[in-house]
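Novice:
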Amino acid sequence: MAQAVLTAEKLNKYFYDPAMIHVLHDVSLSVCEGEFVCIMGKSGCGKSTLLYLLSTLDTAYEGALYINGIRVTGLDENDLAHFRNKHIGFVFQFHFLLPEFTALENVMLPALKLGKLNPKEAEEYAIEKLRQMDMHEHARKLSGKLSGGQQQRVAIARALINDPKIIMADEPTGNLDSTNTAIIFNIFDQLVKEGNTIITVTHDHDFAAKSNRILEMADGQIKS
Ligand SMILES: Nc1ncnc2c1ncn2[C@@H]1O[C@H](COP(=O)(O)OP(=O)(O)OP(=O)(O)O)[C@@H](O)[C@H]1O
């Protein structure tokens, strides 16, 4: 049986705005190596909140989270930042590329931050990742000058630069046309075939139908 790469136990999340809102209610789930999981559900049901917790970006919750066998709940911010940079790749709908930097520079940054590669190695590896996304010919262009679909592919190359085994994505195709959505799906599909694990929030039923598993959320709980 495939190993669980991520296990969440009874996650509860509260916001104070200023009254308390109980957004996630005892969410437990397990994701195995090589799974392609889509989180779906109506607007406001807690999908992004859950993804932020699972990706360790938000640490203010009750419950426990294990990733790659490590209990990440309770790690201090430094250890967590290092853990994240090494194990998890992030793709967001609004990709958060630095527009005044080139595609190549954006992709290299997380590698330089992790510090395993020197600048020349990081550049070569970033070019390789851009090539996998068919974006190498745009490597020296400012990311702010690329189309939305191209920027999203650069964002995926950036997410993959440290070879994380887990990729988390929040509406990765949310602002893309059907052609670019299909390109992103095929990239994800290939990543899963290579043994990576993908957890993504999406509103796109066609996209989700082609994944391995759909987690349907409602009112801060996983219903199925
Ligand atoms: N920082 C915050 N402060 C207060 N409330 C918040 C905050 N972030 C989210 N919420 C509330 O938590 C609930 C869940 O929000 P969340 O963004 O997780 O929903 P979602 O299912 O991802 O929605 P969408 O599909 O519209 O992106 C909503 O009621 C939202 O208003």
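For the sequence shown, our numbering begins at 4 and goes up steadily by one. Cβ atoms here follow ideal geometry from the backbone N, Cα and C, with glycine treated the same way. Keep in mind it's a predicted model, so treat the numbers as computed, not measured.
Check whether the region 182-200 and the region 30-50 touch, using three or more Cβ-Cβ pairs below 8 Å as the test.
Specialist: yes
Novice: Output the distance between the C-alpha atoms of residue 57 and residue 93, rounded to the nearest integer angstrom.
Specialist: Counting from one through the sequence shown, the residue named residue 57 turns up at place 54. Counting from one through the sequence shown, the residue named residue 93 turns up at place 90. Their backbone Cα atoms lie some 11 Å apart in a straight line.
Novice: Do the region 132-140 and the region 98-112 make contact, defined as three or more Cβ pairs closer than 8 Å?
Specialist: Because the criterion of three Cβ pairs below 8 Å is met, the region 132-140 and the region 98-112 touch.
Novice: Which partner residues of residue 41 appear in the DSSP bridge assignment?
Specialist: As a first step, residue 41 is located in the sequence shown; it is residue number 38 there, counting from the start. Partner(s): 203 and 217.
Novice: Out of 194, 95, 114 and 13, state which residue places its alpha-carbon closest to the alpha-carbon of residue 65.
Specialist: Sequence index remark: in the sequence shown, residue 65 carries index 62 (1-based). If we check each option's Cα against that of residue 65, 13 comes out closest.
Novice: Between the region 49-56 and the region 124-136, do three or more beta carbon pairs fall short of 8 Å?
Specialist: Taking 8 Å as the limit for Cβ pairs, the verdict is that the region 124-136 does not touch the region 49-56.
Novice: Would you check whether ligand 1 has a heavy atom nearer than 7 Å to the C-beta of residue 132?
Specialist: Against the sequence shown, residue 132 aligns to sequence position 129. No - ligand 1 has no heavy atom lying nearer than 7 Å to the Cβ of residue 132.
Novice: If we count Cβ pairs, one from each stretch, closer than 8 Å, do we get three or more for the region 143-159 versus the region 179-188?
Specialist: yes
Novice: CB residue 155 to CB residue 179, shorter than 8 Å?
Specialist: Here residue 155 corresponds to residue number 152 of the sequence shown, with the count starting at 1. Here residue 179 corresponds to residue number 176 of the sequence shown, with the count starting at 1. Yes, Cβ-Cβ distance for residue 155 and residue 179 is below 8 Å.
Novice: Just to confirm before moving on: does the CB-CB distance between residue 85 and residue 168 stay below 8 Å?
Specialist: Position 82 of the sequence shown, counted from the start, is the residue given in the question as residue 85. Position 165 of the sequence shown, counted from the start, is the residue given in the question as residue 168. The answer is no: Cβ separation not under 8 Å.
Novice: With the cut-off set at 8 Å, would you say residue 129 and residue 164 are in Cβ contact?
Specialist: Mapped onto the sequence shown, residue 129 falls at position 126. Mapped onto the sequence shown, residue 164 falls at position 161. For residue 129 and residue 164, yes; Cβs fall inside 8 Å.
Novice: Does the beta-carbon distance from residue 172 to residue 203 come in below 8 Å?
Specialist: Residue numbering aside, residue 172 sits at position 169 when the sequence shown is read from its first letter. Residue numbering aside, residue 203 sits at position 200 when the sequence shown is read from its first letter. In this structure, residue 203 lies closer than 8 Å to residue 172 by Cβ.
Novice: For the candidate residues 226, 227, 8 and 221, whose alpha-carbon lies nearest to that of residue 46?
Specialist: On the sequence shown, position 43 is the one that residue 46 refers to. Considering only alpha carbons, the answer is 221.
Novice: First and last residue of the alpha helix (DSSP H) that includes residue 28?
Specialist: Residue 28 sits at position 25 when you count from the first residue of the sequence shown. Boundaries around residue 28 are those of the beta strand (DSSP E), 23-35, since no alpha helix (DSSP H) includes it.
Novice: Thinking C-alpha only, which one of 8, 102 and 81 is nearest residue 72?
Specialist: For the purposes of this step, residue 72 is taken as residue 69 along the sequence shown, with counting starting at 1. Per the Cα distances, 8.
Novice: Is residue 170 buried or exposed, if buried means 16 or more other CB atoms sit within 10 Å of its CB?
Specialist: Taking the sequence shown and counting its residues from 1, one reaches residue 170 at position 167. Residue 170 is buried by the Cβ-count criterion.
Novice: Is any heavy atom of ligand 1 found at a distance shorter than 7 Å from the C-beta of residue 24?
Specialist: As a first step, residue 24 is located in the sequence shown; it is residue number 21 there, counting from the start. Result yes, Cβ under 7 Å from ligand 1.
Novice: For residue 214, which of 192, 135, 10 and 103 has the nearest alpha-carbon?
Specialist: Position 211 of the sequence shown, counted from the start, is the residue given in the question as residue 214. Of the candidates 192, 135, 10 and 103, the one whose C-alpha sits nearest the C-alpha of residue 214 is 192.
Novice: Please state whether the Cβ-Cβ distance between residue 27 and residue 177 is less than 8 Å.
Specialist: In the sequence shown, residue 27 corresponds to position 24, counting from 1. In the sequence shown, residue 177 corresponds to position 174, counting from 1. No, the Cβ-Cβ distance between residue 27 and residue 177 is not below 8 Å.
Novice: Would you decide whether residue 24 is buried or exposed? Buried here means 16 or more other CB atoms lie within 10 Å of its CB.
Specialist: In the sequence shown, counting from the first residue as 1, residue 24 sits at position 21. Residue 24 is exposed by the Cβ-count criterion.
Novice: Run through the DSSP bridge pairs and tell me what residue 195 is partnered with.
Specialist: The residue labelled residue 195 in the question sits at position 192 within the sequence shown. Residue 195 is not bridged to any residue.
Novice: So residue 13 is in the beta strand (DSSP E); what residue range does that whole segment cover?
Specialist: Here residue 13 refers to the residue found at position 10 of the sequence shown. Its beta strand (DSSP E) spans residues 7-19.
Novice: Which whole-angstrom value describes the C-beta separation of residue 174 and residue 44, a residue pair presumed to lie in contact below a C-beta threshold of 8 Å?
Specialist: Numbered from its first residue, the sequence shown carries residue 174 at position 171. Numbered from its first residue, the sequence shown carries residue 44 at position 41. That belief does not hold up - the Cβ atoms of residue 174 and residue 44 are roughly 13 Å apart, past 8 Å.
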